[in-house]
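Asks: The structure's right below; bear with me while I get my questions together.
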Amino acid sequence: MTDTELIKAARRVLADLTPIPADCGELCGRACCVDEGSELDSSERGMLLFPGEARLASRTGFLHVSRISPSDCGPSLGFAECRRRCIRHSRPLSCRIFPLVCYVRPEHRTLSRPPFEIILDPRARGLCPLYVGKGENITKEFRNGVRRAYAILFRSPRQVRFACRLSAVLDDYLEFTNDQTEL
Ligand code: SF4
Ligand code: SF4
880 MTDTELIKAA RRVLADLTPI PADCGELCGR ACCVDEGSEL DSSERGMLLF
930 PGEARLASRT GFLHVSRISP SDCGPSLGFA ECRRRCIRHS RPLSCRIFPL
980 VCYVRPEHRT LSRPPFEIIL DPRARGLCPL YVGKGENITK EFRNGVRRAY
1030 AILFRSPRQV RFACRLSAVL DDYLEFTNDQ TEL
């Protein structure tokens, strides 16, 4: 399967799954949609795209897609900014899995199919009201869905490299928050 096909398959797994049974955006005024970004995405408003996702995002009509050069000096990455009203069924994977994220431990990052963990995204701290304790408020169905989505994505070496690269950025956040608990 191509990366784009894997993205579509991962999206299907997540389907209508949401972190909690209700619309969590009501809790926070959709804080993650107005966040200013992080070190990896150059502090611009928007989200990183997974390998193979740029073409899908550019077809949505509400996302502006570009490439950014992250501060880790690695290859450029796809990046999407929301320019119009969100079309929920077309939103990128980053939006579908937040406030969870895949984390690959440093000692596993040279493996072709590394084990991974699904953790609370440390970048959600102070932003997302679901960032509480060890993420007990987030449903098991959602956590399992995110895990299954990554199991699909990890069939591709490009997706593995992307996850390892993001994990390296998360290391700094995790050191700061001292919070690396698998869900
Ligand atoms: S910040 Fe958290 S609670 Fe708010 S919309 Fe995003 S995922 Fe839901
Ligand atoms: S694509 Fe939709 S869900 Fe994602 S950040 Fe933009 S408005 Fe929010």
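If you read the sequence shown in this note's numbering, its first letter stands for residue 880, the second for the next number, and so on. Where is the CB? At the ideal position from N, CA and C, for every residue including glycine.
#1: Helix, strand or coil for glycine 931, going by three-state DSSP, please let me know.
#2: Check whether the Cβ atoms of leucine 979 and isoleucine 998 lie closer than 8 Å to each other.
#3: Between isoleucine 1031 and the rest of its own chain, which residues show a CB-CB distance below 8 Å, the 5 nearest in sequence each way excluded?
#4: Ligand 2: which residues have Cβ under 5 Å from any of its heavy atoms, chain order?
#5: Using a threshold of 7 Å, is the CB atom of phenylalanine 941 nearer than that to any non-hydrogen atom of ligand 1?
#6: Do alanine 959 and valine 944 have their C-beta atoms closer together than 8 Å?
#7: When you measure from the CB of proline 1001 to every non-hydrogen atom of ligand 1, does any distance come out below 7 Å?
#8: Could you check the C-alpha separation between lysine 1013 and alanine 936 for me, to the nearest Å?
#9: Between Ser1046, Met880 and Ala1028, which has its C-alpha nearest arginine 1002's C-alpha?
#10: For the alpha helix (DSSP H) that contains serine 1046, what are its first and last residues?
#11: From glycine 940 to cysteine 981, what does the alpha carbon distance come to, in whole angstroms?
#12: My assumption, with CB atoms under 8 Å, is that methionine 926 sits in contact with proline 971. Please give the rounded CB distance.
#13: Leaving out five residues before and five after tyrosine 1052 in sequence, what residues of the same chain have Cβ atoms less than 7 Å from its Cβ?
#14: Going by beta-carbon coordinates alone, are proline 1036 and serine 991 separated by less than 8 Å?
#15: Report yes if the CB atom of leucine 1009 is closer than 8 Å to the CB atom of proline 898, and no otherwise.
#16: What residue from Arg962, Arg1004 and Gly957 has the CA that sits closest to phenylalanine 977's CA?
Replies: Reading off the structure:
#1: coil
#2: yes
#3: Leu885, Ala888, Ala889 and Val892
#4: Cys912, Cys961, Cys965, Arg970 and Cys974
#5: no
#6: yes
#7: no
#8: 31 Å
#9: Ser1046
#10: 1036 to 1056
#11: 28 Å
#12: 6 Å
#13: Pro1001 and Arg1002
#14: yes
#15: yes
#16: Arg1004
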